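FYI, our numbering numbers position 195 of the sequence shown as 195, with every residue one higher than the one before it.
Each residue gets a CB set at the ideal place from its N, CA and C atoms; glycine is no exception.
Note that this is a predicted model, so its numbers are computed, not measured.
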Amino acid sequence: MKRVAIQGGLGAYHGIAAENFFAGEDVDIIPCVTFRDIFSAIKKDSNIIGIMAIENTIAGSLLQNYELLKEHKLHIAGEYKLRISHCFAALPGQTIHEIKEVQSHPIALMQCGNFLETLPGVKVVEHEDTALAARDIQNKNLIGNAAICSERAAEIYGLNILAKGIETNKHNFTRFLIFGNDWAVEDIQKDEVINKASIVFTLPHAEGSLAKVLSVFSFYGINLTKIQSLPIIGREWEYQFYVDFKFDDLERYKQSLVAIKPLINELRTLGEYPEGITPEV
């Protein structure tokens, strides 16, 4: 059985992504309050696998999660891209006209802005998690309250779905990273084709330093799919760069890393893994 630590409660999108990624296998979901708690769970039990959102097509990157990956020195085993579709759920017997308050994670509330505008007078309350908002409505018997959550969460906590597909933009996808200790990564990746990588590097504080590195990747035919800069704490105006690549030739990719070493200060490979498939809308 795969034991997978997620941020959020049962029915959270992290849990859905974990179950989909390990489809056909028994999965034991370990709910965690924060992203950092996922890493604490793995530290306590090295066999636990983590899954963590890294970016959303509407809300952008979760910058703190890049830092967590670097800090804890675990490796990415794969990625999963999940289409996020929200529903509006309340206690059985409630109608949409009886709802006086809606609660959910701030990002989910933002993603459903157009729908919420159709509910004048309804109070909007931020919650730590979409699924836990649904759980609170059930546990506390909150009449007149609704949660914006997944259909799976509504099912788990016995809520009635009053509206489906309420996200403003239907092209709403979240990319999750699956990670763990080396032996867990090897087990997950067996027989898989490695064609993507995530690295982080720092550069000398000199003119044109980033351009030189990027030209090397271009020479080796490495396709940059994302580059994200973050400040280096304690070193004013200096930055570290988190980069995702796609490549057809694993050996050429590894040669490119050797080639950039004279041009950079530090380099860490966060993971080399198969590219996830983007689902259809």
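Under 8 Å between C-beta atoms of ASP244 and SER198: Within the sequence shown, residue 244 is the residue found at index 244, counting from 1. Within the sequence shown, residue 198 is the residue found at index 198, counting from 1. Their beta carbons are under 8 Å apart, which means ASP244 touches SER198 by this criterion.
Residues near ASN145 in its chain [Cβ-Cβ closer than 6 Å; skip 5 each side]: For the purposes of this step, residue 145 is identified with residue 145 of the sequence shown, where counting begins at 1. If we look at ASN145 and ignore the five residues flanking it on each side, its Cβ neighbours are GLU101 and ILE137.
Residue range of the beta strand (DSSP E) that includes ARG3: The residue given as residue 3 occupies position 3 in the sequence shown. Counting along the chain, the beta strand (DSSP E) containing ARG3 begins and ends at 2-7.
Boundaries (first-last residue) of the beta strand (DSSP E) holding LEU230: Mapped onto the sequence shown, residue 230 falls at position 230. Its beta strand (DSSP E) spans residues 223-231.
Nearest residue (CA-CA) to GLY60, options GLY93, PRO92, ILE148 and ILE107: The sequence position of residue 60 within the sequence shown is 60, counting from 1. Nearest of GLY93, PRO92, ILE148 and ILE107 to GLY60, Cα basis: ILE107.
Rounded distance between the beta-carbons of ILE96 and LEU162, thought under 8 Å: Reading the sequence shown from its first residue, position 162 is the one you call residue 162. Reading the sequence shown from its first residue, position 96 is the one you call residue 96. Yes, they are in contact, since the Cβ atoms of LEU162 and ILE96 sit about 5 Å apart, within 8 Å.
N-terminal and C-terminal residue of the beta strand (DSSP E) that ARG175 is part of: On the sequence shown, residue 175 is found 175 positions in, with the first residue counted as 1. Element bounds for ARG175: 173-180.
ILE288 versus LYS254, TYR220 and GLY113, residue with shortest Cα-Cα distance: Beyond the ends of the chain as shown, which are 1 and 281, falls residue 288; an answer cannot be given.
6 Å Cβ shell around THR174 - same chain, five flanking residues per side excluded: Here residue 174 refers to the residue found at position 174 when the sequence shown is read from its first residue. Excluding sequence neighbours, THR174 sits near ALA53, ASN56, LEU82 and ILE84.
Environment of GLU79 [buried if 16+ CB atoms lie within 10 Å]: In the sequence shown, counting from the first residue as 1, residue 79 sits at position 79. Classification for GLU79: buried.
Member of HIS72, ILE76, ALA153 and LEU69 whose CA lies at the smallest distance from the CA of PHE88: Start at 1 with the first residue of the sequence shown, and residue 88 comes out as number 88. Cα-wise, what sits closest to PHE88 is ALA153.
VAL281 to ASP249 span [Cα, whole Å]: Stepping through the sequence shown from its first residue, residue 281 is reached at position 281. Stepping through the sequence shown from its first residue, residue 249 is reached at position 249. About 30 Å.
Nearest-angstrom Cα separation, counted from VAL124 out to SER104: By 1-based counting over the sequence shown, the position of residue 104 is 104. By 1-based counting over the sequence shown, the position of residue 124 is 124. When rounded, the distance between both Cα atoms is 8 Å.
Residues bridged to GLN240 [DSSP beta-bridge criterion]: On the sequence shown, residue 240 is found 240 positions in, with the first residue counted as 1. In the DSSP output, where bridge partners are listed per residue, GLN240 has THR202 and LEU230.
Start and end residues, beta strand (DSSP E) containing ALA17: On the sequence shown, residue 17 is found 17 positions in, with the first residue counted as 1. Careful: ALA17 lies outside any beta strand (DSSP E), inside the alpha helix (DSSP H) at 13-21.
At least three beta-carbon pairs within less than 8 Å, the stretch 250-262 to the stretch 190-206: yes
First and last residue of the uninterrupted beta strand (DSSP E) at ASN56: What you label residue 56 is simply residue 56 of the sequence shown in a count that begins at 1. Unbroken beta strand (DSSP E) run through ASN56: 49-56.
Three-state class that DSSP yields for ASP26 in the structure shown: Taking the first residue of the sequence shown as position 1, residue 26 is located at position 26. If DSSP states are grouped into helix, strand and coil, ASP26 belongs with coil.
Unbroken beta strand (DSSP E) run spanning ASN114, endpoints: On the sequence shown, position 114 is the one that residue 114 refers to. ASN114 -> not in any beta strand (DSSP E); alpha helix (DSSP H) instead, spanning 113-116.
Cβ pair count under 8 Å reaching 3, the stretch 227-238 against the stretch 268-275: no
Closest by C-alpha distance to GLN64, when choosing among ALA211, ASN172, ILE178 and SER229: By 1-based counting over the sequence shown, the position of residue 64 is 64. That would be SER229, whose Cα lies nearest to the Cα of GLN64.
CB contact flag (LEU132, GLY9, <8 Å): Residue numbering aside, residue 132 sits at position 132 when the sequence shown is read from its first letter. Residue numbering aside, residue 9 sits at position 9 when the sequence shown is read from its first letter. Contact flag set, yes.
PHE219 burial status per 10 Å Cβ neighbour count (16 or more: buried): The residue given as residue 219 occupies position 219 in the sequence shown. That one is exposed.
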